[in-house]
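Residue numbers for the sequence shown follow the working numbering, so the first one is 48 and each next one is one higher.
What follows is one structure encoded as structure tokens, with my remarks underneath.
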Amino acid sequence: MRNVPMRPGTGLHRPRRDRHHGLAGIAGIRSWPCMRAGVVIMRRVLIHLAACAMLAASTLAAAQSHRPDVILRYGFERAAAGPFSDAEAARFLAQASFGPTLADIAHLRAIGYEAWLDEQFAQPVSTQVPYLDWVNSVAGDSVTDNTRLEIWTINALGTPDPSRGMARPTDQLRQRMAFALSEIFVVSYKNGTLIYQPWALASWYDMLAQDAFGNYRTLLEDVTLHPAMGIYLTHLGNQKANPALNIRPDENYAREVMQLFSIGLVRLNPDGTPLLVNGQPQPTYDQSTVRGLAAVLTGWNWNNAGCGPGSYVCCTASTYTYCGPYNDYDRPVWRLPMQPIEAFHDNTSPKQLTVYPGVALPNGVLAPGGDAQAELGAALDNLSNHPNVGPFIALRLIQRFVTSNPTPAYVQRVAAAFADNGSGVRGDLKATLRAILLDPEARFGQWTNAARFGKLREPLIRNTHVWRALDATSPSARVVTLTPYPGIEDWYGQGPLRSPSVFNFFRPDYRAHGEIDLLGLASPEFQIVSDTYAVGTANRLFSVSFCWYRNGGSYDGSCWADNYGGSRTLHLELGRDSALADSDPGSLIDRYNLLFLSGQMSPYMRQALLARLNAIDGNHRARLRIQHALYLILNSPEYVVQK
């Protein structure tokens, strides 16, 4: 290892990334050289114990939580009537937001689940594009994809937004829903064009946020016509067939919109289980369907707003193959839906679309003669009315918010809300989300379905959770990014709109090798739990806990925070808990049990933590107790697996 600078006054070397510096926190952050053995231990502990915790019923946690009494007293049908305790409120917020705060818990207790949802549905949407514009024009700074990550962080945490006069974003549920949708309807900057287009990706995310509480059919059309998706899945500039020139319609988006965004590969029962005929699953589409939908998608190209001399070439019948801005930086057209050029749309051939009971199109065939907009509308209607869509979307959203292995009955109840919001409207995402969060299984599943219930927390959610719980802010209100190193996905295995492919960071049906696979359980997030990412996340949480903090407004910080982020580095507020940590570490643990584990900490874990904190004495013991408590809790299997 090469020599690296020693931070003045700490006695610690600034470690290189490959030294896994975060592990030293367990030993009191006294000796960086002790870390090599710790790396191997932490790798095995985080991966093995988290898997075991996901499979086990939390019997010890039962002693801490009074859920059985609540079930007996109020019944499952009154799941939406709560919360009946601070722990219930914290657990709901862990599912519905980027992490609970003490103020949020108190507010939810005061108004209840239903009123909280109504309140969140009414919050104004927090967007990203205006922030990029502000950074570019007012702040006089260059805009990169890290700038987009900056506003993603501000919106997710609800920290003061300097582009809006330090107003705090208040739409936690909408932002969490947009994040969930971004992992279903995937666009990524890992694309030769989009990597240079932060405005395009910010506009894409804003579209997801705007549509988060709208209708699925509207969302599906907005997704289809956004130029970021047109570039990513290559249907922008799609042309009708011309055999003489060996031109065939691009089938990329046609295939993925069915497989990943709407109906999946096999027909489903209303409860999300495969529909079997003679014991065999039935495909939802075949190659003729792909060709038919690809033909529908011909003739769509860049919007012409802003085109012309001195700008970029307008899209017409004569310029279709070379029009548009492509790599031009920050063209407003990146934010506008694609438009049709009829000369390149196939309106002469019949198009085979999906077939299902009650399909509006005769045998699922779209007759020729329609223009591009009309045919697109008919094709999207055909998809959005498919009986698969409800259970398909229900399962994926349940996995993002609540649990990786919902019971078929849970999926069916949510799919029913998708099919009919109670007023005869299909595809109401607001009603769908309400059904997900207020379902008895969401509220009581850790008891009624203990062996299968729960999900591994995503690395980004673990980070936002601690930042929100301890009111993280930066001195300047700007935030440098989610990590001190470029490429947050290289540390965590994920980053907002930075998926390695259209299949997201992890598959919804992924099964981790070993006992999880043998039991037939899905464990999507485990697909990114490798040695590298497990340790990288632990290292990041070490930095968050031990390096970047403030005390009552004084940004104390340590390690190398100022060297990389300066006034844009997020710092945890440790002052709030200092008195408690100094005089009553048991109560500090109870507070963090509420904030991070929703009151489900086992007696064994509490006892072990208390022994560790009581052993910390001397100067700065209050701060060190807080930091050790945070680091050990945030890397514990009981926390990492959300129950």
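Glycine included, every Cβ here is placed at the ideal spot set by N, Cα and C.
Quick caveat: nothing in here was measured; it's all calculated off a predicted structure.
The Cβ-Cβ distance between residue 198 and residue 219 does not fall below 7 Å.
For residue 577, no alpha helix (DSSP H) encloses it, and the DSSP letter there is neither H nor E.
Scanning its chain for C-beta atoms nearer than 8 Å, with the 5 sequence neighbours on each side dropped, one finds around residue 154 the residues 163, in chain order.
Residue 553 and residue 451 have their C-alpha atoms some 12 Å from each other. Taking the Cα of residue 657 as reference, the smallest distance to any Cα among 628, 555 and 647 is reached at 628.
Taking C-alpha positions only, residue 444 is separated from residue 259 by approximately 12 Å. Under the DSSP assignment, residue 515 falls in the alpha helix (DSSP H) whose first and last residues are 506–516. For residue 494, the enclosing alpha helix (DSSP H) covers residues 487–495. Annotation for residue 361: 351, 354, 355 and 370 place their beta carbon closer than 8 Å to its own, counting only its chain and skipping 5 residues before and after. With a threshold of 16 other beta carbon atoms within 10 Å, residue 442 meets it and is buried. C-alpha of residue 483 to C-alpha of residue 449: approximately 8 Å in a straight line. Under the 10 Å beta carbon count, residue 469 is surrounded by fewer than 16 other beta carbons and is classified as exposed. It is roughly 28 Å from the alpha-carbon of residue 632 to the alpha-carbon of residue 206. In the assembly as shown, residue 277 is a buried residue. Its beta-carbon has 16 or more other beta-carbons within 10 Å.
Counting only runs of 4+ residues, the alpha helix (DSSP H) found wholly inside the region 377–465 occupies 419–431 and 436–448, in chain order. Taking a C-beta distance under 7 Å as the contact criterion, residue 263 and residue 474 qualify as a contact pair. Beyond the five residues adjoining it in sequence on each side, residue 156 comes within less than 7 Å, by CB distance, of 130, 133 and 136 in the same chain, given in chain order.
Sorting 423, 409, 477 and 479 by C-alpha distance to the C-alpha of residue 300 places 423 at the top.
Burial of residue 672 is indicated by the presence of at least 16 other C-beta atoms within 10 angstroms of its C-beta.
One alpha carbon belongs to residue 303, the other to residue 549, and they sit about 8 Å apart. The criterion of a C-beta distance shorter than 7 Å is satisfied by residue 426 and residue 343.
Here the alpha carbon of residue 504 sits roughly 10 Å from the alpha carbon of residue 690.
Contact between the region 405–422 and the region 280–295 is absent: fewer than 3 CB-CB pairs across the two stretches fall below 8 Å. Rounded to whole angstroms, residue 158 and residue 668 show a C-alpha spacing of 38 Å.
Per the Cβ contact rule, the region 239–256 is in contact with the region 377–390 (3 or more Cβ pairs under 8 Å). The beta carbon of residue 396 is closer than 6 Å to those of 415 in its chain, skipping five residues each way along the sequence. The continuous alpha helix (DSSP H) containing residue 152 extends over residues 149–158. A residue is called buried once 16 or more other Cβ atoms fall within 10 Å of its Cβ, and residue 568 is buried on that count.
With contacts defined as CB atoms closer than 7 Å, residue 339 and residue 392 fail to qualify as a contacting pair. Counting only residues of its own chain and dropping the five nearest sequence neighbours on each side, residue 223 has a CB closer than 7 Å to the CB of 143, 144 and 145. Taken atom to atom, the span from the alpha-carbon of residue 402 to that of residue 409 is near 9 Å.
The shortest C-alpha to C-alpha distance from residue 306 to any of 677, 430, 215 and 177 is the one to 430. Selection 643, 213, 239 and 330 evaluated against residue 523 yields 213 as nearest (Cα-Cα).
Take residue 625, set aside five residues on each side of it, and the residues of its chain with a beta-carbon closer than 6 Å to its own are 669, in chain order. Rounded to whole angstroms, the gap between the alpha carbons of residue 456 and residue 463 is 10 Å.
Taken through DSSP and simplified to helix, strand or coil, residue 337 comes out as helix.
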